[in-house]
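Below: the structure, in structure tokens.
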Amino acid sequence: MAEITFEDFQKVDVRTGRVVHAEAFPEARKPAIKMWIDFGGDIGEKKTSAQVTAHYDVESLIGKQVLAVVNFPPRQIGPFMSEVLVLGLPDATGEVVLIGPDDVADVPLGGRLH
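Note that the UniProt record's numbering has the sequence shown beginning at 1, numbered continuously upward.
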């Protein structure tokens, strides 16, 4: 993978948000869930979809704090317009595990990763 500069890293705006609504996305080619995430303040609520059905269901996502890239342009995913990219890591079988603040304390919505 190519090296980037610190200035390149600063261009990626990763913020913390809280999932406020989620629903199944049966129209997706691969099993996915639609999420509406509140980033607070100036960013507000944004929506996305993610292939996270191996570890999460709609109910378990509500209230979960996640990290997402908020400065990508919107992307059409089938009939759904995704506005942010929620971040995750693969487990041992390649299934996505969402990343976010740990359970020690809530992080203010919209907090920027640095």
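Where a beta carbon is used, it is the ideal one built from N, C-alpha and C, also for glycine.
Which of the three DSSP states, helix, strand or coil, is assigned to K46? Position 46 of the sequence shown, counting from 1, holds the residue named residue 46. The answer is strand: DSSP assigns K46 an E or B state.
Taking DSSP as the reference, what is the three-state secondary structure of L109? Sequence index remark: in the sequence shown, residue 109 carries index 109 (1-based). Correct three-state label for L109: coil.
Where DSSP assigns a beta bridge to residue 115, which residues make up the other side? In the structure displayed, the chain extends from 1 to 114; residue 115 sits before or after that span and is not available.
Is there contact here, the region 74-82 with the region 52-66, by at least three beta-carbon pairs under 8 Å? no
Residue from K47, P90, F72 and L89 with nearest C-alpha to A22: Reading the sequence shown from its first residue, position 22 is the one you call residue 22. Of the listed residues, the one whose Cα sits closest to A22 is K47.
If contact is defined by three or more beta carbon pairs under 8 Å, each pair taking one atom from either stretch, is the region 89-96 in contact with the region 23-42? no
Can you tell me where the beta strand (DSSP E) holding Q51 begins and where it ends? Numbered from its first residue, the sequence shown carries residue 51 at position 51. Looking at the DSSP string, Q51 is not in any beta strand (DSSP E), and its letter there is neither H nor E.
Close beta carbons around R29, own chain, < 8 Å, minus the five adjacent residues each side: Counting from one through the sequence shown, the residue named residue 29 turns up at place 29. Excluding sequence neighbours, R29 sits near G78.
Report the partner residues of I33 according to the DSSP bridge assignment. Here residue 33 refers to the residue found at position 33 when the sequence shown is read from its first residue. Its beta-bridge partners are A24 and A50.
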